[in-house]
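First the structure, in the form of structure tokens, and then the observations on it.
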Amino acid sequence: MASSPPDLLFGLRNSFYLGAFQAAINNSDVPNLSTDDAIERDSLVYRSYIALGSNQLVIDEINSSAPTALQAVKLLALYLSGDKGSAISSLREWLSDAAIGNNPILRLVAGIIYMHEQDYNEALKHTNTGGTMELLALNVQIYILMHRSDYAEKQLKAMQQIDEDHTLTQLANAWLNLAVGGSKIQEAYLIFQDFSEKYQMTGLILNGKALCCMHMGRFDEAEALLLEALNKDAKDAETLANLVVCSLHVGKSASRYLSQLKLAHPNHILVKRVSSAEDSFDRAVQDFALRRD
């Protein structure tokens, strides 16, 4: 029986999945790649740049003759840099093109963009047929956001049948355990703990462990993990949002983290919720003042 060829992109993929984006970029010079592997490598590198906030670099470097997968990544960069209208209109046009509409990276980007738009049904229209571990993992995330952990579990089972030990399968399992809560939190914690022992510590792993600690009422431990994550990336949205919540639980002021979150990520759900609550409070104060007059 012939052994399968070595997976030359395993390390690069793993770095990307676990949030070690700079490491993914630094270790991307992989020799002897096939054309398809080289396209996958480039798409992972450009997505790592996007994750680090370098959208303009991606927009500048990917030209109109690049393969479909890279054009799709460029659309994601355009969308995240604020050019939402033209990104979504190009996306719709490409998805309806029979020649390229089924490209897995294009479908993945469609899922990510529509997930950002909170149009989950539209996202699933493009991701639900699966085909790659990333698409299945994105389905798990979308179903969790829709509060349909039953459907998320079906997607996770499909991933486990393909490769139970795959990093994305483990991550999807941890996300689902966090969503379900209760006794599953400990299982999620063990998954993140295992990652932290095997791989370099990233913001994603630290936030995962911190979320588990918060669910288990271990807020001091969560705060220490989140401050370590903040050292790695002072503008990371999830770290700042989690620190806001954690600080309130340990009786510390969360205003600085909230200010940083508002500045760096004005559209973050926590910022929107706080603004809405502040508006309601201001209205209530005005009503009260008018009644007193």
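Numbering follows numbering that gives the first Met the number 0, in which position 99 of the sequence shown is assigned residue number 98; successive positions increment by one, without gaps.
The beta carbon of each residue, even a glycine, is placed where N, CA and C say it ideally should be.
Distance between beta carbons of residue j and residue i, contact taken as under 8 angstroms
| i | j | result |
| --- | --- | --- |
| Tyr198 | Leu17 | 6 angstroms |
| Asp219 | Val243 | Going by Cβ atoms, the distance from Asp219 to Val243 rounds to 16 angstroms, so no, they are not a contact pair. |
| Arg12 | Leu43 | 7 angstroms |
| Thr131 | Gly110 | With a Cβ gap of about 11 angstroms, Thr131 and Gly110 do not count as contacting. |
| Tyr45 | Leu8 | Between Leu8 and Tyr45 the Cβ distance is about 14 angstroms, and since that is not below 8 angstroms, they are no contact. |
| Ala86 | Ile112 | 7 angstroms |
| Asn172 | Leu189 | Contact flag wrong, Cβ pair sits at about 10 angstroms. |
| Arg71 | Ile24 | The sequence as given places Ala at residue 71; Arg does not occur at that position. About 19 angstroms; that fails the 8 angstroms criterion. |
| Leu135 | Ala157 | 6 angstroms |
| Cys212 | Leu226 | Cys212 to Leu226, Cβ: 13 angstroms. No contact. |
| Leu56 | Phe20 | Rounded, the Cβ-Cβ distance is 13 angstroms, inconsistent with contact. |
Exposed unless 16 or more other CB atoms sit within 10 angstroms - verdict on residue i
| i | result |
| --- | --- |
| Gly202 | buried |
| Ala97 | exposed |
| Asn176 | buried |
| Glu39 | buried |
| Glu133 | buried |
| Arg106 | buried |
| Asp6 | exposed |
| Lys271 | exposed |
| Ser14 | buried |
| Ile161 | exposed |
| Asn26 | exposed |
| Leu262 | exposed |
| Gln117 | exposed |
| Gln259 | buried |
| Asp149 | exposed |
| Asp35 | exposed |
| Asp28 | exposed |
| Ala228 | buried |
| Gln169 | buried |
| Lys73 | buried |
Nearest neighbour of residue i, chosen from the options [CA to CA]
| i | options | result |
| --- | --- | --- |
| Asn101 | Tyr48, Leu269 and Thr128 | Thr128 |
| Asn54 | Leu75, Met114 and Leu175 | Leu75 |
| Val139 | Ala151, Glu227 and Met213 | Ala151 |
| Ala37 | Ala65, Ile58 and Asn13 | Ala65 |
| Ile61 | Leu77, Asn176, Ser148 and Gln185 | Leu77 |
| His267 | Leu105, Asn176 and Ala236 | Ala236 |
| Ser80 | Tyr48, Ser95 and Asn172 | Tyr48 |
| Ala22 | Lys231, Lys271, Ala253 and Pro265 | Lys231 |
| Gly216 | Val273, Ser246 and Gln169 | Ser246 |
| Gly207 | Ala68, Ala187 and Pro265 | Ala187 |
| Ala253 | Leu262, Leu239, His264 and Pro265 | Leu239 |
| Leu167 | Ser182, Gln185 and Phe191 | Phe191 |
| Ala221 | Ala233, Lys234 and Ile204 | Ile204 |
| Tyr119 | Ile104, Pro103 and Leu137 | Leu137 |
| His146 | Lys73, Trp174 and Arg91 | Trp174 |
| His214 | Leu260, Ser195 and Val179 | Val179 |
| Phe194 | Ser182, Asp164, Lys183 and Gly181 | Asp164 |
| Glu121 | Asp149, Glu196, Leu90 and Ile99 | Leu90 |
| Lys183 | Thr67, Leu210 and Lys83 | Leu210 |
Cβ of residue i within 8 angstroms of any chain C Cβ
| i | result |
| --- | --- |
| Ser258 | No chain C appears in this structure, which consists of one protein chain only. |
Next item on the list: Quick one: which unbroken alpha helix (DSSP H) runs of 4-plus residues sit fully inside the stretch 142 to 180? Chain order, please.
Entry: Those alpha helix (DSSP H) runs which fall completely within the stretch 142 to 180 and span 4+ residues are 148 to 162 and 166 to 179.
Checklist line | Any alpha helix (DSSP H) of 4 or more consecutive residues that is wholly inside the stretch 40 to 125 | finding: You should have 54 to 60, 67 to 79, 83 to 94 and 103 to 115.
Check: Whole alpha helix (DSSP H) runs in the stretch 209 to 236 with 4 or more residues, listed along the chain?
Finding: Taking 4 residues as the minimum length, the alpha helix (DSSP H) runs contained wholly in the stretch 209 to 236 are 218 to 231, in order along the chain.
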